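Read top to bottom, the protein sequences are chains A and E. The number in this note's numbering is simply the position in the first sequence, starting from 1, with 61 added. The number in this note's numbering is simply the position in the second sequence, starting from 1, with 12 added. The structure appears right after this line, and notes come after that.
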Amino acid sequence: GNSVTQMEGPVTLSEEAFLTINCTYTATGYPSLFWYVQYPGEGLQLLLKATKADDKGSNKGFEATYRKETTSFHLEKGSVQVSDSAVYFCALSTSGTYKYIFGTGTRLKVLA
Amino acid sequence: DVKVTQSSRYLVKRTGEKVFLECVQDMDHENMFWYRQDPGLGLRLIYFSYDVKMKEKGDIPEGYSVSREKKERFSLILESASTNQTSMYLCASSLGQGNSPLHFGNGTRLTVT
């Protein structure tokens, strides 16, 4: 079946450091891929998405590229801020279904 | 922007009580979902609905039921609350199938004592 694996946290970085959160997936067909962010006490918000191979999703300085050959969708940001401290979820869905598969989340803590 | 509103941020209920969690979305989305979120387990789908009066079981439907009488409203019902249903409950909505992102509410943290 379909699955999403993302790196265990927590990830602790200093402000302005480079961020990578790894995400790999297993899916039949051609899934759409998403990154969501959850700030403390809130629900999940869509951060970015990509719907086909080689697409790059980007938002608020975050980027992720849909790599079909490595079945990956790693999240990157060049310079993190304290306000980026949150839990990040990688997810996939496949066309023609209502099923979304989420990773277990990676907690990011950015220190000033 | 899509707004998904959950009626309560925090709820405390006693074992055996019947509990209603309400969710309303304002963007005419066909699909609505209920997830629960627990540390180390991520998000698990309880039920979803792709149309009014239609419902489908998710991965963990036991102990729950749902109601969708109007397109904008999706209710989660705990028929007889138990302590193992203490959790964060997240409602979401989406348009169409597959490629559309989910839009989440802020969650309801339910404690069953």
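We put the CB at the ideal spot given by N, CA and C, even for glycine. Quick caveat: nothing in here was measured; it's all calculated off a predicted structure.
Within-8 Å CB hit, residue i to chain A
i	result
residue 109 of chain E	yes
residue 114 of chain E	yes
residue 102 of chain E	yes
Within chain A, the residues that residue i reaches when beta carbons sit closer than 9 Å
i	result
residue 62 of chain E	159
Cross-chain neighbours of residue i in chain A, by beta carbon under 8 Å
i	result
residue 88 of chain E	Going along chain A, no residue has its Cβ under 8 Å from residue 88 of chain E, so there is no contact; the nearest lies around 14 Å.
residue 52 of chain E	165
Residue span of the beta strand (DSSP E) that contains residue i, given as start and end
i	result
residue 173 of chain A	Per DSSP, residue 173 of chain A belongs to no beta strand (DSSP E) and is neither H nor E.
residue 118 of chain A	117 to 120
residue 89 of chain E	85 to 90
residue 149 of chain A	147 to 154
residue 38 of chain E	Careful: residue 38 of chain E lies outside any beta strand (DSSP E) and carries neither H nor E.
residue 106 of chain A	105 to 111
residue 66 of chain A	64 to 67
residue 138 of chain A	136 to 138
Contact list for residue i against chain E, beta-carbon separation under 8 Å
i	result
residue 134 of chain A	Within 8 Å Cβ-Cβ: nothing; residue 134 of chain A doesn't reach chain E, min ~14 Å.
residue 146 of chain A	None at all; the shortest Cβ gap to chain E is about 17 Å.
residue 75 of chain A	Neighbours of residue 75 of chain A on chain E: none; closest Cβ ~26 Å, over 8 Å.
Nearest to residue i (by Cα), restricted to the options the options
i	options	result
residue 119 of chain A	A:151, A:96, A:69	A:96
residue 81 of chain E	E:112, E:42, E:95, E:119	E:42
residue 148 of chain A	A:166, A:91, A:78, A:107	A:166
residue 95 of chain E	E:122, E:56, E:49	E:122
Within-8 Å CB hit, residue i to chain E
i	result
residue 166 of chain A	yes
residue 79 of chain A	no
residue 156 of chain A	yes
residue 64 of chain A	no
Chain A residues whose Cβ lies nearer than 7 Å to that of residue i
i	result
residue 55 of chain E	163
residue 118 of chain E	103, 104
residue 43 of chain E	159
Where residue i meets chain E, residues with beta-carbon distance less than 9 Å
i	result
residue 140 of chain A	Near residue 140 of chain A there are no residues of chain E at all, since even the closest Cβ is about 26 Å away, more than 9 Å.
Along the segment 95 to 126 of chain A, what residues have a CB closer than 9 Å to any CB found in chain E?
Residues 95, 97, 99, 102, 103, 104, 105, 106, 107, 110, 112.
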